[in-house]
Amino acid sequence: MDRLIWAARQVRQYAYAPYSGFRVGAALETDDGTIITGVNVENASYPLGCCAERAALYTAVGQGYRRFVRIAVVGPGSRPVPPCGGCRQALAEFGDLTVIMATPDETGPIETRGLHELLPHQFGAELGAKEEPHGL
Ligand SMILES: [Zn+2]
1 MDRLIWAARQ VRQYAYAPYS GFRVGAALET DDGTIITGVN VENASYPLGC CAERAALYTA
61 VGQGYRRFVR IAVVGPGSRP VPPCGGCRQA LAEFGDLTVI MATPDETGPI ETRGLHELLP
121 HQFGAELGAK EEPHGL
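Per the UniProt record's numbering, the very first residue in the sequence shown carries number 1; after that it's consecutive.
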């Protein structure tokens, strides 16, 4: 079994999802082969929750990593769960990578897509605000 999918399945047990019960694990692979995991963390103030993919990404960036090769995402149920639009954009900040979507069941389906395929026409740094703020 792919060690990245295995890591996402394993870490999923630590997801904090008391409100939705939708537990997600993510495992991000850096260009040197390091695997950094994350889980979704919900909050009583719902908008403050964070997805597993971004939790893994932000942890990795905080450890000095900037180049990523693959991310595996494992959610509940029998169908692979894709990253939400926000996570796609957050990941795209660091370039393209392969997104592997799997299920908790080792015999379940696995779907693999390129991030740029999942997020066409993405907002990039070249489009970022460089104009003077209005009214200042
Ligand atoms: Zn997300």
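Note that CB positions come from ideal geometry on N, CA and C, so glycine has one too.
For this session: Name the one or two DSSP bridge partners that leucine 28 has.
Result: Looking at the DSSP assignment, leucine 28 forms a beta bridge with Ile36, Ile71.
For this session: Would you check if the distance between the CB atom of arginine 3 and the CB atom of glutamine 13 is smaller than 9 Å?
Result: No, they are not a contact pair.
Exercise. Measuring CA to CA, which of Ile100, Gly38, Asp96 is closest to tyrosine 58?
Worked result: Among Ile100, Gly38, Asp96, the Cα nearest to that of tyrosine 58 is on Gly38.
Exercise. Within the chosen definition, does the segment 43 to 59 reach the segment 105 to 114 through at least 3 CB pairs nearer than 8 Å?
Worked result: The count of Cβ pairs closer than 8 Å, one atom from the segment 43 to 59 and one from the segment 105 to 114, stays below three, leaving the stretches out of contact.
Exercise. With 16 as the cutoff for other CB atoms within 10 Å, does leucine 48 come out buried or exposed?
Worked result: Answer is exposed; the Cβ neighbour count stays below 16.
For this session: Please find out if some non-hydrogen atom of ligand 1 comes closer than 8 Å to the beta-carbon of glycine 25.
Result: No - ligand 1 has no heavy atom lying nearer than 8 Å to the Cβ of glycine 25.
Problem set entry | Unbroken beta strand (DSSP E) run spanning arginine 113, endpoints | That run of the beta strand (DSSP E) goes 111 to 114.
Problem set entry | Test: valine 99 CB closer than 9 Å to a CB of chain D | In the structure shown, chain D does not exist; there is a single protein chain.
Exercise. Hey, arginine 70 and phenylalanine 94: beta-carbon distance below 9 Å or not?
Worked result: The Cβ-Cβ distance between arginine 70 and phenylalanine 94 does not fall below 9 Å.
Exercise. DSSP three-state call for alanine 102: helix, strand or coil?
Worked result: Alanine 102: strand per DSSP, three-state reduction.
Exercise. Thinking just about the alpha-carbon of each residue, which of Ser45, Ser78, Ile36, Leu127 is nearest to the one in alanine 52?
Worked result: It is Ile36.
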